[in-house]
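Since the structure comes first, as structure tokens, the remarks are kept for the end.
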Amino acid sequence: LFLSPFGGWRQDLSRVFDEEGDALATYQVSRGAVGMELGYDFGTVAELRAGYVRAFGKARRKVGDVIFPELDWDEGGFTARLEVDQLDNVNVPHAGYFGFADYLGNRESLGGTESYDRFSAGALGAQTIGRWTGLLKGEGGTGMGRAIPFYDDFQLGGLFRLSARPPGPLRGDKYVLAAALLYYRLTAHGGAIHS
99 LFLSPFGGWR
109 QDLSRVFDEE
119 GDALATYQVS
129 RGAVGMELGY
139 DFGTVAELRA
149 GYVRAFGKAR
159 RKVGDVIFPE
169 LDWDEGGFTA
179 RLEVDQLDNV
189 NVPHAGYFGF
199 ADYLGNRESL
209 GGTESYDRFS
219 AGALGAQTIG
229 RWTGLLKGEG
239 GTGMGRAIPF
249 YDDFQLGGLF
259 RLSARPPGPL
269 RGDKYVLAAA
279 LLYYRLTAHG
289 GAIHS
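Basically the working numbering = 1-based index in the sequence shown + 98.
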């Protein structure tokens, strides 16, 4: 059993796209958060956490027409996360599996600008036969029947999340993504030097 306080701040550029995928505006989005979680560690297999998060955010228009507003918001809600990790390597796994389930219940009564739910889950499995390694991955998310505000909606695009698309043009209250990867080790000894 453990207690885990946390805090963080990040700043990103986020673009607004039209239905054809053309960028209409660029925002500088700043977001800070602090929170506390109570967790339980199931040995080397899994971890369960639940807690409270309080956050703030602001979006300032850098490029685009003045019809795009500048925004400020607050977040406050309960969090829960279950994670199972049995991969042999976090960067390039050759065997094992990984799974997660995340929930955020943002509420106006807890300091949020809007009340909404956000749930996502996913799994990944890897297996190696000889020099070939196959990896299957699936994930998805939902607002559980509620609209998720733009600052917390799901996004696709970027590396391994529909890599041919830039990050950001595909956004929404729900998504499903599946991927399969196959890679081949070129050396017999996995890159190690032997004399």
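Where a beta carbon is used, it is the ideal one built from N, C-alpha and C, also for glycine.
Since we're looking at a predicted model, the values are computed, not measured.
When the Cα atoms are used, what is the spatial distance from Y201 to K272? The residue given as residue 201 occupies position 103 in the sequence shown. The residue given as residue 272 occupies position 174 in the sequence shown. When rounded, the distance between both Cα atoms is 13 Å.
When DSSP labels each residue in this structure, what does L84 get in the three-state scheme? Nothing can be reported for residue 84: it is not among the residues displayed for the chain, which extend from 99 to 293.
Would you call the region 113–124 and the region 142–152 in contact, with 3 or more CB pairs under 8 Å? no
Where do the ends of the beta strand (DSSP E) carrying V127 lie? Position 29 of the sequence shown, counting from 1, holds the residue named residue 127. Segment 121–140, the beta strand (DSSP E) holding V127.
Whole-Å CB distance - G232 paired with A219, under 8 Å assumed: Position 134 of the sequence shown, counting from 1, holds the residue named residue 232. Position 121 of the sequence shown, counting from 1, holds the residue named residue 219. The Cβ separation is near 22 Å, so there is no contact.
Could you check whether the region 177–188 touches the region 156–163, counting it as contact only if at least three pairs of C-beta atoms, one from each stretch, sit closer than 8 Å? no
Between which two residues does the beta strand (DSSP E) holding Y281 run? As a working mapping, residue 281 is identified with position 183 in the sequence shown. Unbroken beta strand (DSSP E) run through Y281: 272–282.
Within its chain, find whatever has a CB closer than 6 Å to the CB of R269; leave out the 5 residues flanking it on each side and keep chain order. What you label residue 269 is simply residue 171 of the sequence shown in a count that begins at 1. For R269, where only same-chain residues beyond five positions count, the Cβ hits under 6 Å are D251, Q253.
Per-residue burial, A193 [other beta carbons within 10 Å of its own, 16 or more giving buried]: Here the question's residue 193 lines up with position 95 in the sequence shown. A193 comes out exposed.
Express the C-alpha separation of D172 and T211 in angstroms, rounding to a whole number. Here residue 211 refers to the residue found at position 113 when the sequence shown is read from its first residue. Here residue 172 refers to the residue found at position 74 when the sequence shown is read from its first residue. The alpha-carbon atoms of T211 and D172 are separated by roughly 5 Å.
Is F104 closer than 9 Å to E135 when the C-beta atoms are compared? Along the sequence shown, one-based indexing puts residue 135 at 37. Along the sequence shown, one-based indexing puts residue 104 at 6. Contact flag set, yes.
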